[in-house]
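What follows is a single structure, written as structure tokens, with notes after it.
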Amino acid sequence: MGATLAGWLQAVALVGALALCYRPLGDYIAHLLTSAKHLRAERGLYKVVGVDADADQRWPVYLRSVLAFSALSVLFLYGLIRLQTHLLLSLGVPEMEAHQAWNTAISFTTNTNWQSYSGESAMGHLVQMAGLAVQNFVSAAVGIAVVAALIRGFTRNRTDRVGNFWVDLTRIVLRLLLPISIVFALVLVASGVVQNFHGFEQVTTLGGGTQSVPGGPVASQEVIKLLGTNGGGFYNANSAHPFENPTGFTNLLEVFLLLVIAFALPRTFGKMVGDHRQGYAIVAVMGLFWVASAALITFFEHQHSGSALQAAGAAMEGKEQRFGVAASSLFAASTTLTSTGAVNSFHDSFTPLGGGLTVFDMMLGEIAPGGTGSGLYGMLILAIVAVFVAGLMVGRTPEYLGKKLGGREMKFASLYILTTPAIVLIGAGTAIALPGERAGMLNDGAHGFSEVLYAFTSAANNNGSAFAGITVNTTWYDTALGLAMVCGRFLPMVFVLALAGSLARQRPVPASAGTLPTHRPLFVGLLSGVVLIVVGLTYFPALALGPIAEGLH
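Whatever position you read off the sequence shown (first residue = 1), add 115 for the numbering used here.
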């Protein structure tokens, strides 16, 4: 079977699997977010924490709960990392520097999972399991909880309540993420992914030498890093490492895991607002961008100018031979269009335009389908902007799902859209302007700028993947990228929850002859255009200085 045919078959199988899961998984998530019943284990947790599970919160209280929980998570994880040399299963790894530990604690709490260290040599097993893996669960749950509050803003009327964060968080972890993770962790173990408590084992290589090979609880962390669109990796090579991703089957399964919840959430949205057509329209836009990105990256990676690339038949530098261009490109598009950041190839070695597309995917706000929760609320913000633009065209007050979009709502939407680009461009511009930080670039010219731009784009969009080729384990970069992760995660949540509260207080507006239908192909096209124009063009000057300039050269 040829590589091209194999790539097409993988894509078709992936689309089929996602389509099969869209309805049942989306409906199940809607059920757990709306059910009035609490499981016995959940009631026990609420009693221990002191939470009234039947009391809904106003949006400022919901926001304070999110921020307080995340702040405590950062402090706990920071302390665990700093004290790991004194804990069980530390494997004798050296103590992590304070600035790097802070950066790592911020990274995993914000669902970014940016790593300026080699996982197998910097983290003991206890920190991997009790620290990093736990944050993989709860940070993903926080994103879904926030989008649940936004959806309630559309469904509720004349109230200031948007749900209970502690109930949402608990249900998402116990009823959604944990069961799926257990099942697929067993599948990964059966497929050859490592799961043990071994330290470093000395093995004899085929050449007769010796090599120190680390083991660990890999499969259990691998599944939630993908399912929760976290990223990171037990090993420095991430999903290119054969212990994390041994076969073509596990590679396709991992892409499926990082997409399945994000693509099912539009169904949850349609179910909760009482109109499944709204969910179909949103998922159609997500699907269009995902298919286009995967196809274009694959196309650019097959452009093999130069004798070495012509001999290989494609741009194979930095790619696993067992996966090839098609599977590597599919993974790259999927991981950068979500907030996952896991990689099975070296994005720095992609062709200029292929690598540029991975940056552009993140710059779109990772909304196709995006991270767990964050992708959907990002797309809904853009849908509000699209409805507002359409309203201006016809000269009437815009409405979306029976809610008027006035000045207050549009201010929150505008601030959401402007926040992340400001973080990315200010951060990258500052790094380029400082001679000491410029010296950390291993390449100069357009490619060197792309490295810096990728780093801040990844941090601010909570992606976590790295273009590499840049030394980021310094006090300045750990601090700057950490601030980018915090602001890029929580400032947008402030505006999303404020918008949810504003919508929930409104009275429903009945549809009329002048109401824009938001479930038809016309709206799908309008929303796609808004994504490209409002978001994409914001970054065009920066892209022109980096990957576009390098590609044209």
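Note that the Cβ used here is the ideal one computed from N, Cα and C, for glycine as well.
Who are MET556's beta bridge partners in DSSP? Stepping through the sequence shown from its first residue, residue 556 is reached at position 441. Looking at the DSSP assignment, MET556 forms a beta bridge with ILE585.
Taking 8 Å as the cut-off, decide whether the C-beta atoms of LEU452 and GLN125 are in contact. For the purposes of this step, residue 452 is identified with residue 337 of the sequence shown, where counting begins at 1. For the purposes of this step, residue 125 is identified with residue 10 of the sequence shown, where counting begins at 1. Their beta carbons are not under 8 Å apart, which means LEU452 does not touch GLN125 by this criterion.
Can you tell me which of GLY347, LEU265, PHE358, ARG290 puts its alpha carbon nearest to the alpha carbon of TYR232? As a position in the sequence shown, residue 232 is number 117, starting the count at 1. Measuring from the Cα of TYR232, the nearest candidate turns out to be GLY347.
List the endpoints of the continuous beta strand (DSSP E) containing PHE315. By one-based count along the sequence shown, residue 315 stands at place 200. Here the beta strand (DSSP E) through PHE315 covers 315 to 319.
Where ASN270 falls: helix, strand or coil (DSSP): Locating residue 270 in the sequence shown gives position 155, where the first residue counts as 1. For clarity, residue 270 is Thr in the given sequence; the question names Asn instead. Correct three-state label for THR270: helix.
Between which two residues does the alpha helix (DSSP H) containing PRO381 stretch? As a position in the sequence shown, residue 381 is number 266, starting the count at 1. Per DSSP, PRO381 is one residue of the alpha helix (DSSP H) stretching across 363 to 388.
Bridge partners for GLN172 per DSSP, in chain order? Within the sequence shown, the letter at position 57 stands for residue 172. Paired residue(s): GLY278.
Sequence-distant residues of the same chain with beta carbon closer than 8 Å to GLY421, five excluded per side: By 1-based counting over the sequence shown, the position of residue 421 is 306. Interpretation of GLY421 is limited by its pLDDT of 49, a score under 50 that renders its predicted location unreliable; no figure is taken from the coordinates.
Check for me: the alpha helix (DSSP H) holding VAL333 runs from which residue to which? As a first step, residue 333 is located in the sequence shown; it is residue number 218 there, counting from the start. Taken as a continuous stretch (DSSP letters only), the alpha helix (DSSP H) holding VAL333 covers 333 to 342.
Delimiting residues of the alpha helix (DSSP H) encompassing VAL288: In the sequence shown, counting from the first residue as 1, residue 288 sits at position 173. Element bounds for VAL288: n/a, residue is neither H nor E.
According to DSSP, is LYS152 part of a helix, a strand, or is it coil? Walking along the sequence shown from the start, residue 152 turns up at place 37. Coil.
Look up GLN425 in the DSSP assignment and say whether it is helix, strand or coil. Here residue 425 refers to the residue found at position 310 of the sequence shown. Caution is warranted here: a pLDDT of 48 is assigned to GLN425, below 50, making its placement in the model unreliable, and the coordinate value is therefore given only provisionally. Three-state DSSP puts GLN425 in a helix.
With H, G and I counted as helix, E and B as strand and the rest as coil, what does DSSP make of SER460? Here residue 460 refers to the residue found at position 345 of the sequence shown. Here SER460 sits in strand by DSSP.
Cα-Cα separation, PRO662 to VAL282: Taking the sequence shown and counting its residues from 1, one reaches residue 662 at position 547. Taking the sequence shown and counting its residues from 1, one reaches residue 282 at position 167. So the two alpha carbons sit approximately 44 Å from each other.
Thinking TRP217 and GLY597 are a contact (beta carbons under 8 Å), I'd like their distance in whole angstroms, please. In the sequence shown, counting from the first residue as 1, residue 217 sits at position 102. In the sequence shown, counting from the first residue as 1, residue 597 sits at position 482. Between GLY597 and TRP217 the Cβ distance is about 6 Å, and since that is below 8 Å, they are a contact.
Mind checking which residues open and close the alpha helix (DSSP H) that includes GLN215? Translated into the one-based positions of the sequence shown, residue 215 becomes position 100. Segment 213 to 224, the alpha helix (DSSP H) holding GLN215.
Classify PRO513: buried if its beta carbon has 16 or more other beta carbons within 10 angstroms, exposed otherwise. Within the sequence shown, the letter at position 398 stands for residue 513. With 16 or more other Cβ atoms within 10 Å, it is buried.
Inter-stretch contact (C-beta, 8 Å, three-pair minimum) for the segment 257 to 267 and the segment 611 to 629: Touching, yes, given that three or more Cβ pairs across the two stretches are closer than 8 Å.
In chain order, what residues of the same chain lie with their CB nearer than 6 Å to the CB of HIS200, ignoring the 5 residues before and after it? As a first step, residue 200 is located in the sequence shown; it is residue number 85 there, counting from the start. Residue 200 is actually Thr in this sequence, not His. The beta carbon of THR200 sits closer than 6 Å to the beta carbons of GLU210 from its chain, once the five residues preceding and following it are set aside; these are given in chain order.
For the pair the segment 123 to 140 and the segment 251 to 259, tell me if three or more CB-CB distances fall below 8 Å. Touching, no, given that fewer than three Cβ pairs across the two stretches are closer than 8 Å.
Between HIS562 and the rest of its own chain, which residues show a CB-CB distance below 8 Å, the 5 nearest in sequence each way excluded? The residue labelled residue 562 in the question sits at position 447 within the sequence shown. Same-chain partners within the cutoff: PRO467, GLY584, GLY661, GLU665.
Okay, do the segment 321 to 339 and the segment 298 to 312 touch, 3+ Cβ pairs below 8 Å being the bar? yes
Are the CB atoms of PRO484 and ALA377 nearer to each other than 8 Å? To locate residue 484, count along the sequence shown from 1; it is residue 369. To locate residue 377, count along the sequence shown from 1; it is residue 262. In contact: PRO484 and ALA377 (Cβ atoms closer than 8 Å).
Can you tell me whether LYS518 is buried or exposed? The criterion is at least 16 other CB atoms within 10 Å of its CB, across all chains shown. Position 403 of the sequence shown, counted from the start, is the residue given in the question as residue 518. By the neighbour-count definition (other C-beta atoms within 10 Å, threshold 16), LYS518 is a buried residue.
Since ASP142 contacts LYS386 with CB under 8 Å, what's their CB separation in whole angstroms? Position 27 of the sequence shown holds residue 142. Position 271 of the sequence shown holds residue 386. So it is a contact: roughly 6 Å between Cβ atoms.
Proximity to ALA245 [Cα-Cα], best of ALA260, GLU235, LEU203: Here the question's residue 245 lines up with position 130 in the sequence shown. Residue LEU203 is the option with its Cα nearest to ALA245.
C-alpha gap between THR285 and ILE339, whole angstroms: Mapped onto the sequence shown, residue 285 falls at position 170. Mapped onto the sequence shown, residue 339 falls at position 224. Their Cα atoms are separated by approximately 16 Å.
Considering only their Cβ atoms, is the gap separating GLU432 from SER443 smaller than 8 Å? For the purposes of this step, residue 443 is taken as the residue at position 328 of the sequence shown. For the purposes of this step, residue 432 is taken as the residue at position 317 of the sequence shown. Not closer than 8 Å, so no.
THR590, buried or exposed, once every other Cβ within 10 Å from all chains shown has been counted against 16: On the sequence shown, position 475 is the one that residue 590 refers to. Exposed, by the Cβ-count rule.
Alpha-carbon to alpha-carbon, PRO361 and PHE184: Indexing the sequence shown from 1 puts residue 184 at position 69. Indexing the sequence shown from 1 puts residue 361 at position 246. Taking the straight line from one Cα to the other gives about 36 Å.
Would ILE538 be called buried (16 or more neighbouring beta carbons within 10 Å of its own) or exposed? As a working mapping, residue 538 is identified with position 423 in the sequence shown. When all chains shown are included, ILE538 counts as buried.
Per DSSP, what kind of secondary structure is PRO329 in: helix, strand or coil? The residue given as residue 329 occupies position 214 in the sequence shown. Strand at PRO329.
Taking only the alpha-carbon atoms, compute the straight-line gap between LEU241 and SER205 and give it to the nearest angstrom. Sequence index remark: in the sequence shown, residue 241 carries index 126 (1-based). Sequence index remark: in the sequence shown, residue 205 carries index 90 (1-based). Rounded to whole angstroms, LEU241 to SER205 spans 7 Å at the Cα level.
Looking at the strands, I want to know which residues DSSP matches up with TYR515. By one-based count along the sequence shown, residue 515 stands at place 400. Its beta-bridge partners are LYS518.
Have a look at ILE648 and ILE532 and give me their C-alpha separation to the nearest angstrom. Within the sequence shown, numbered from 1, the residue matching residue 648 stands at position 533. Within the sequence shown, numbered from 1, the residue matching residue 532 stands at position 417. Linking ILE648 to ILE532 through their CA atoms gives a straight-line distance of about 12 Å.
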